[in-house]
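Trainee:
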Amino acid sequence: MSALGNGAPLAGSRRIGATEIGHLILARLATPNGASRAQVTSDLAPLFTHKLSSADWRRLAEKEIGRLVATGLALEEKNRLVPSEEGHAVLARYLGRKTTEPQPWPELRDIALVAKGLGVEKETAERLRMLARLEGLRTVIVQKAFGLPLRRNVPPTKLRAQLAVVALEHAFGNRIKAGFGKGSALSAKAGRLLAGQLSKNPRAFATDAKLIAELAAEHAGARDATLEGLRMGVLRGLGARALEAALAEAETAERTVMPVLVAAAPALKPAANDPAPAAKAGPPSSARPDLAEFARTVKQAAAERAEGWAGSRKAYISHVWETIRLNRPNWEVSEIEFKCMLAEAHRAGALVLANADLKDKRSREDLESSAVLYKNMVWHFVRVEE
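The opening position of the sequence shown corresponds to residue 1 in the working numbering, with each subsequent residue numbered one higher.
1) Which word fits residue 377, buried or exposed, when buried means at least 16 other C-beta atoms lie within 10 angstroms of its C-beta?
2) Once DSSP output is grouped into helix, strand and coil, what is the label at residue 74?
3) Please list, in chain order, all residues of the same chain as residue 375 whose beta carbon is under 8 Å from its beta carbon, the five residues on each side excluded.
4) Here's the rule I'm using: 16 or more other beta-carbon atoms within 10 Å means buried, otherwise exposed. How should residue 290 be labelled?
5) Compute the minimum distance between the beta carbon of residue 157 and the heavy atoms of the ligand ZN, and state whether it is under 7 Å.
6) Does residue 129 pass the burial test, meaning 16 or more other C-beta atoms within 10 Å, or should it be called exposed?
7) Rounded to whole angstroms, what's the CA-CA distance from residue 104 to residue 64? Just pull it up for me.
8) What are the complete alpha helix (DSSP H) segments, minimum 4 residues, inside the stretch 53-134?
9) Considering only C-alpha positions, which residue in the set 177, 53, 208 is nearest to residue 391?
10) Indicate whether the contact test is met: 3 or more Cβ pairs, each with one atom in the stretch 39-51 and one in the stretch 137-152, closer than 8 Å.
11) Which residues mark the beginning and the end of the alpha helix (DSSP H) in which residue 381 is found?
12) Which runs of the alpha helix (DSSP H) spanning at least 4 residues fall entirely within the stretch 177-242, listed in chain order?
13) For residue 356 versus residue 367, is the C-beta spacing smaller than 8 Å?
14) Hey, could you find the ends of the beta strand (DSSP E) residue 158 is sitting in?
15) Helix, strand or coil for residue 291? Go by DSSP, reduced to three states.
16) Please classify residue 85 as buried or exposed, where buried requires at least 16 neighbouring CB atoms within 10 angstroms.
17) What first and last residue would you give for the beta strand (DSSP E) that runs through residue 371?
18) What did DSSP end up calling residue 17 once you bin it into helix, strand or coil?
19) What are the partner residues of residue 353, as DSSP defines its beta bridges?
20) Is it true that the stretch 111-121 meets the stretch 62-76, where meeting means three or more beta-carbon pairs spaced less than 8 Å apart?
21) Along the chain, where does the beta strand (DSSP E) containing residue 315 start, and where does it finish?
22) Of all the options 115, 110, 106, which has the alpha carbon lying nearest to the alpha carbon of residue 97?
23) Would you call the stretch 192-203 in contact with the stretch 312-327, where contact means no fewer than 3 C-beta pairs closer than 8 Å?
24) Compute the Euclidean distance between the alpha carbons of residue 341 and residue 371, then round it to the nearest angstrom.
25) Report buried or exposed for residue 57, applying the criterion of at least 16 other Cβ atoms within 10 angstroms of its Cβ.
26) Where does residue 233 land, buried or exposed, given buried means 16+ other C-beta within 10 angstroms?
27) Do you know whose CA, among 344, 46, 188, 161, lies nearest residue 295's CA?
28) Determine the extent of the alpha helix (DSSP H) in which residue 37 is found, giving its start and end residues.
29) Rounded to a whole number of angstroms, what is the C-alpha to C-alpha distance between residue 91 and residue 27?
30) Have a look at the DSSP bridge pairing and note the partners of residue 307.
31) Could you compute how far the alpha carbon of residue 334 sits from the alpha carbon of residue 76?
32) Work out the CA separation of residue 338 and residue 160 for me, nearest whole Å.
33) Return yes when the Cβ of residue 95 is within less than 8 Å of the Cβ of residue 35, no when it is not.
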């Protein structure tokens, strides 16, 4: 039996305070009429039963309720539990508030606990209201996942442009600060293709809304990008972290109470229907080039594939990409990333791109596969400096 399911006492059971699970129980109790033990167990079960069996969750909930009552954070009368004055203060700190007032459970769950799960509980009430809407919740999840400013009413076009900048910085191993500003230099299609590289399954998204929905679902650990799906993904993540803390505390208590070697409790395994864990935003492999290395390598590849006469030699971007793809597999960049990296290197003056003034039908395929859209220009070549 795991440490969570046995009779070992929980460490610190006499101190004033609450465990992570205890805080969640206090939140369920902070409703106008409090809650019964059965209601607590039932209403919080979805946060835990993707990790624990229903029986294990019931035992753990009873143990945590007992601790709250024993430490004076919860009061029980006529089979109803409510937070004490101290319990309300503990809950307020947990939720990033100055005070707490009784609220309906759906409101506490869908706003206060979702905010806690996303790490935005200290934001103003006005900003937190956006969590009640599907578009608002998707936006906050994506903003938090990729370190973007937490702002209200960000249109999908602007969020996509911000994500494109993040994707470009990731392509360079987060060793540059992209200069696209708000991303307006990239066309909507190019920006969406680039931002799509941030997905666990990079692909072209038909619209900005679909891109944002997919990224939100991935980072919430949700089965789908619906309002209920995203909420449950965030809340299950909150429950999983609370369980990890409880498991660590229970194992510490076992070692303290029984000074013998105690086998570690088995790792909690996701249930068969548990969604994959959310991908963590962060820098890709350190093999990704910085701007100087990228420009130097591209110039070398262009020199090998260049055509034309002395003083006016240039290489098709598609030919340069073929060389880079074969010779630099450790970069792990996609074609769309490569083309946007080229545009950034050109903007920064690290290399020079050129467009095809004269087009003939024989080179149509090379021109089309080389095209890089940037502002009002379409680049087709990397110019070779001699």
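Each residue gets a CB set at the ideal place from its N, CA and C atoms; glycine is no exception.
Mentor: Based on what the coordinates show:
1) Position 377 of the sequence shown, counting from 1, holds the residue named residue 377. Residue 377 is exposed by the Cβ-count criterion.
2) The sequence position of residue 74 within the sequence shown is 74, counting from 1. Note: residue 74 maps to strand in three-state DSSP.
3) Translated into positions along the sequence shown, residue 375 becomes position 375. These residues qualify, in order along the chain: 185.
4) Residue numbering aside, residue 290 sits at position 290 when the sequence shown is read from its first letter. By the neighbour-count rule (16 or more Cβ atoms within 10 Å), residue 290 is not buried but exposed.
5) Of the ligands one can find in the structure shown there are none, so the ligand ZN has no counterpart to examine.
6) Walking along the sequence shown from the start, residue 129 turns up at place 129. Residue 129 is exposed by the Cβ-count criterion.
7) By one-based count along the sequence shown, residue 104 stands at place 104. By one-based count along the sequence shown, residue 64 stands at place 64. Using only the alpha carbons, I get a separation of about 22 Å.
8) 54-70, 85-94, 114-118, 125-128
9) An answer regarding residue 391 cannot be provided, because it is not within the stretch 1 to 386 covered by the chain.
10) no
11) In the sequence shown, residue 381 corresponds to position 381, counting from 1. It is not in any alpha helix (DSSP H) - residue 381 instead sits in the beta strand (DSSP E) that spans 381-383.
12) 188-195, 208-220
13) Translated into the one-based positions of the sequence shown, residue 356 becomes position 356. Translated into the one-based positions of the sequence shown, residue 367 becomes position 367. Contact flag set, yes.
14) If you number the sequence shown from 1, residue 158 lands on position 158. Premise fails: residue 158 lies in the alpha helix (DSSP H), 156-171, not in any beta strand (DSSP E).
15) As a first step, residue 291 must be located in the sequence shown, where it is residue number 291. If DSSP states are grouped into helix, strand and coil, residue 291 belongs with the helices.
16) Indexing the sequence shown from 1 puts residue 85 at position 85. Under this definition residue 85 is an exposed residue.
17) Walking along the sequence shown from the start, residue 371 turns up at place 371. Unbroken run through residue 371: none, as it is neither H nor E.
18) Position 17 of the sequence shown, counted from the first residue, corresponds to residue 17. It is coil, neither helix nor strand.
19) Here the question's residue 353 lines up with position 353 in the sequence shown. The partner list for residue 353 (beta bridge, DSSP) reads 382.
20) no
21) One-based indexing of the sequence shown puts residue 315 at position 315. First-last of the beta strand (DSSP E) with residue 315: 314-316.
22) Locating residue 97 in the sequence shown gives position 97, counting from the first residue. Among 115, 110, 106, the Cα nearest to that of residue 97 is on 115.
23) no
24) The residue you call residue 341 lines up with position 341 of the sequence shown. The residue you call residue 371 lines up with position 371 of the sequence shown. Cα to Cα, the separation comes out at about 13 Å.
25) Locating residue 57 in the sequence shown gives position 57, counting from the first residue. It is buried - the Cβ of residue 57 has at least 16 other Cβ atoms within 10 Å.
26) Your numbering for residue 233 matches position 233 in the sequence shown. Buried is the call here.
27) Here residue 295 refers to the residue found at position 295 when the sequence shown is read from its first residue. With distances taken between Cα atoms, residue 295 lies closest to 344.
28) Translated into positions along the sequence shown, residue 37 becomes position 37. Start and end: 37-44.
29) As a first step, residue 91 is located in the sequence shown; it is residue number 91 there, counting from the start. As a first step, residue 27 is located in the sequence shown; it is residue number 27 there, counting from the start. Cα-Cα distance, rounded: 7 Å.
30) If you number the sequence shown from 1, residue 307 lands on position 307. 314.
31) Here residue 334 refers to the residue found at position 334 of the sequence shown. Here residue 76 refers to the residue found at position 76 of the sequence shown. For residue 334 and residue 76, the distance between alpha carbons rounds to 60 Å.
32) Sequence index remark: in the sequence shown, residue 160 carries index 160 (1-based). Sequence index remark: in the sequence shown, residue 338 carries index 338 (1-based). Each residue's alpha carbon lies about 18 Å from the other.
33) Position 35 of the sequence shown holds residue 35. Position 95 of the sequence shown holds residue 95. Cβ distance not < 8 Å, so residue 35 and residue 95 don't count as in contact.
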